[in-house]
Each structure stands twice: as C-alpha cells, then as structure tokens.
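Residue numbers (this note's numbering): 1026 to 1445.
C-beta atoms are modelled at their ideal positions from N, C-alpha and C, and glycine is treated no differently.
As the structure is a computational prediction, the values presented were derived from the model and not from experiment.
Put into structure tokens, the structure is as follows:
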C-alpha cells in the first residue's frame, strides 16, 4: 500500500469525524499527482490569466508542478474544461485557520465550553484548510496561530491536503513592549519560522478600534521585519494609524476602515497593499450571531460596532477605488463559519462597492501574489508559474457571482477537485 493512500485513508477518517465530505479525496492524492516527467494537458473554454488577459479555447500543458505551455492547439487533452472558465488559484491574504465552532456549536472559547487541546485545534485547522482548498483558494496567509506552523509544514510535505499556508505564528501587540522588545520579538518570530509579521496597531473594532501602538513601535516592527527578510501585515483602523502604517513602509494594512483622502494618497504613494474586509467578515458574524454573542467582546455593542464597520468600510472602499492607484488586495479575515466562502468577499466588493470584476479577480491572483512576495511563482497562468488553478462555471469577469460555481481545483500540479 502506498504512503499516499495511507495518508488519504487517515484523512478520510478525520474528515468523517468532523462532518466533512470525503468523496473524491482519495483519488486526487493517490492517482493524480504528477509522476516524473509526465505531462497533463488541460483545455479551458475561457482562460483568465490573472493579470487581466483573456483567451478563449486555451490549452495548458502542466509538467510536474509547473505550467510549461499555454497555446490554442486542438487535439486530445487529459482534462476538458471547455465549458468552464480557468483562472489562477485564488490567494486569500488573511484567514484564521484555527477559528471554528466547537462541539456545542458555539465559537471556540465560549464560557463553560470544554477546554480544547492543541490536537483539537489542529483537527479544526485541517478541516478549514480543506474548505478553503475546495472553494478554489490554493494559498492562504493565516494571521495567525502557532498551530499554523506545523500545519503549513505537513501540507507542504504532502501529508495533508490543503492550500499553501503562510503564517505569522504570533502577533506583535501593545503587550509585546517597547521598541527594543518589539524588535527582539520579531527576530524570535523569524527564528521560529514565521513567514510574515502580524502587528496589531489598533484594537478590535468590537472594542472601539482605538490605537494601541505608537508611530515608533509600528516603525520598529515593520523595519525589523524587513531586516529579517519578512513582510508585515498591520491591523489598523482610522486615518492616523493607517497613515502611520504607510509611512513606516509596512507591506500591508488590514481592515483600514475610517480613513480620509490624505490617507488614500499616502497608501498610493508608498505602495501599501490594503486588505479590505468589507463583506464576508461582517456578514458571517451576522449570520452566526447566536454562536458568537456572549463570547469575549462579542457583545451587543460589539455587534453594533461591526454593523457600522461594514457600512463605513464600504464607503471607504468606494473612495479608495475612485482614487485608482491603491493596491486593494484580496483578504477575508475568515473566521469560524467563513472558511470555504472566501469568494463572497469579492462578490460584495463588486456588487456593493462597485469594483470592476476583473480587478477583483486580479486582486485575488497576481496582485495577491505580489502582496505575499510570491509573484514569480503564483498568481498567473503563464509558462514557468506553479500550476495552481481553479475553474468555475460561468464567466466571473462579466458576472462575479460565477465565483460560487467552482468545479475544478489544482494546487501545485495536483488535482483536488474535478466535478463531473
């Protein structure tokens, strides 16, 4: 019995225990992995290359885990997706893989709930990783939990099916300390294997989103991240803090609601990636309100503040889109209940904020690849790029709702979904 079949069998049992579907799980891992120099030919009815380019009746050649050719030649193919639109696999630059509902149905950490072990958290993170992958998300940046580290490594080794994972492990917060303590903490994160530094420069919006770090602390965190060869992602609300993040040269700002025209100009000037979370995050909380309410700062006033954050966030996104020069990147801040629904964020951006559908797709592909520092490998369908692919029924460049209709997923040259 091959090792891949054993792994798939173990994962099947795990998924059944978590109530996840396992149909089709065994075959993709065992039978469809590239073998030696074998080639896979894929026909796409419509190809969106991740940079804004479109091509009808395209044929891809995948050799191992890389795309080696894109052409329009006819002839036999291994996977005929003539009725589908093929895109690069989506990259969600902000998720929380360990966030889940526990056995009671409430968000984990609810008062009186049984304490969960690290093993429990890992099982739920594995389940969330699978949900993301099946939805077409082939890379996630989890911001973050220490559980993410071993999960990242096991997925990379091929032991567990899931999207490629980048993680911050632990965040920089006000409790981290002064400038020197922050720099030391960032160095330790690099030594521990972090891929990115997550920084809380503001509090939770449920607590009012007040500033928590000074300009000097923000600058120290982002500067030390650069010195260690790492990127930075900063949770920030309000013009003052978001502007400080841009001036400090941090790579990405998360949420970023409640800012003004001067801040928009700063974000454009410094090339800061902006991870708006305007739809799915707040809609998911509203949908599962009974499962969150009463846990920590998920209070009545907390939910009122989140409703207001959705409204203000959409207004801020509209103003930022009008500017035209800000790098608005795909990120969902997916927590319990939202994993596998990542595309809903893009739908809200298009339908409610007026983003161009192709720009929304680019934000989840080539732009997201730049945001995570993997633009030479991910985010495009072109020779030399890693074969991360997703195909949907319909044309999302015309109707963004087509993102709901995922039919085919390939990550790293391995097919994980191929609906009949």
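Going by the DSSP bridge assignment, what does residue i pair with across the sheet?
i: residue 1067; result: 1085, 1104
i: residue 1196; result: 1223
i: residue 1201; result: DSSP, once it has assigned bridges, lists no residue as partnering residue 1201.
i: residue 1301; result: Beta-bridge pairing links residue 1301 to no other residue.
i: residue 1079; result: 1073
i: residue 1429; result: Per DSSP, none; premise fails for residue 1429.
i: residue 1167; result: 1120, 1192
i: residue 1236; result: 1227
i: residue 1115; result: 1162
i: residue 1277; result: 1258, 1298
i: residue 1132; result: 1126
i: residue 1359; result: 1120
Return the chain-ordered list of same chain residues with a C-beta closer than 6 Å to the C-beta of residue i, the five sequence neighbours on each side being excluded.
i: residue 1460; result: This structure does not reach residue 1460, given that the chain is present from 1026 up to 1445, and the question cannot be answered.
i: residue 1267; result: 1261, 1278, 1281, 1284, 1288
i: residue 1080; result: 1072
i: residue 1263; result: 1283
Starting from the Cα of residue i, find the closest Cα among the options and give me that residue.
i: residue 1212; options: 1239, 1199, 1424, 1248; result: 1248
i: residue 1352; options: 1177, 1298, 1425; result: 1298
i: residue 1414; options: 1334, 1362, 1163; result: 1163
i: residue 1187; options: 1202, 1270, 1149; result: 1149
i: residue 1371; options: 1362, 1361, 1354, 1412; result: 1354
i: residue 1229; options: 1087, 1114, 1407, 1198; result: 1198
i: residue 1374; options: 1394, 1340, 1270; result: 1340
i: residue 1271; options: 1246, 1329, 1066, 1208; result: 1246
i: residue 1222; options: 1210, 1358, 1206, 1359; result: 1210
i: residue 1325; options: 1314, 1091, 1334; result: 1314
i: residue 1348; options: 1066, 1291, 1094; result: 1291
i: residue 1269; options: 1241, 1253, 1293; result: 1241
i: residue 1300; options: 1327, 1258, 1184; result: 1258
i: residue 1342; options: 1253, 1318, 1366, 1286; result: 1286
i: residue 1128; options: 1208, 1141, 1116, 1235; result: 1141
i: residue 1251; options: 1332, 1214, 1393; result: 1214
i: residue 1238; options: 1335, 1441, 1200, 1231; result: 1200
i: residue 1307; options: 1089, 1360, 1394; result: 1360
i: residue 1181; options: 1443, 1442, 1437, 1445; result: 1437
i: residue 1394; options: 1256, 1098, 1206, 1358; result: 1256
i: residue 1112; options: 1202, 1295, 1385; result: 1385
i: residue 1293; options: 1350, 1391, 1167; result: 1350
Taking 7 Å as the limit between beta carbons, can you name the residues of its chain near residue i, skipping five residues before and five after?
i: residue 1244; result: 1273
i: residue 1153; result: 1122, 1125, 1364
i: residue 1174; result: 1192, 1194, 1218
i: residue 1388; result: 1353, 1354, 1355
Could you give the DSSP three-state label for residue i: helix, strand or coil?
i: residue 1441; result: strand
i: residue 1147; result: helix
i: residue 1173; result: helix
i: residue 1094; result: strand
i: residue 1392; result: helix
i: residue 1412; result: coil
i: residue 1407; result: coil
i: residue 1382; result: helix
i: residue 1318; result: coil
i: residue 1348; result: helix
i: residue 1335; result: helix
i: residue 1253; result: coil
i: residue 1214; result: helix
i: residue 1230; result: helix
i: residue 1109; result: strand
i: residue 1353; result: strand
i: residue 1434; result: strand
i: residue 1209; result: helix
i: residue 1369; result: helix
i: residue 1258; result: strand
i: residue 1329; result: helix
i: residue 1244; result: helix
i: residue 1418; result: strand
i: residue 1311; result: helix
State the CB to CB distance for the pair residue i and residue j, rounded to an integer number of angstroms; the pair is presumed to be in contact (CB under 8 Å).
i: residue 1194; j: residue 1171; result: 5 Å
i: residue 1405; j: residue 1105; result: At roughly 22 Å, the Cβ-Cβ gap does not stay under 8 Å, so residue 1405 and residue 1105 are not in contact.
i: residue 1169; j: residue 1196; result: 7 Å
i: residue 1069; j: residue 1083; result: 5 Å
i: residue 1417; j: residue 1158; result: Their Cβ separation, rounded to whole angstroms, is 15 Å, which puts residue 1417 and residue 1158 out of contact at 8 Å.
i: residue 1403; j: residue 1092; result: Not really, about 11 Å apart at Cβ, beyond 8 Å.
i: residue 1065; j: residue 1087; result: 4 Å
i: residue 1366; j: residue 1305; result: 6 Å
i: residue 1134; j: residue 1398; result: Not confirmed; about 32 Å, so no contact.
i: residue 1119; j: residue 1357; result: 6 Å
For residue i, I'd like the list of residues in its chain whose CB is within less than 8 Å of its CB, leaving aside the five on either flank, ordered along the chain.
i: residue 1419; result: 1110, 1426, 1427, 1430
i: residue 1346; result: 1353, 1378, 1379, 1380
i: residue 1383; result: 1073, 1077, 1422
i: residue 1062; result: Annotation note: pLDDT 47 at residue 1062 (below 50); position unreliable, coordinate value reported separately. For residue 1062, where only same-chain residues beyond five positions count, the Cβ hits under 8 Å are 1088, 1089.
Can you check whether the C-beta of residue i is within less than 8 Å of a C-beta belonging to chain B?
i: residue 1398; result: Although the question refers to chain B, the structure presented lacks it and comprises just one protein chain.
Tell me whether residue i, by its Cβ, gets closer than 7 Å to a heavy atom of the ligand SAH.
i: residue 1075; result: Although the ligand SAH was asked about, the structure shown includes no ligands whatsoever.
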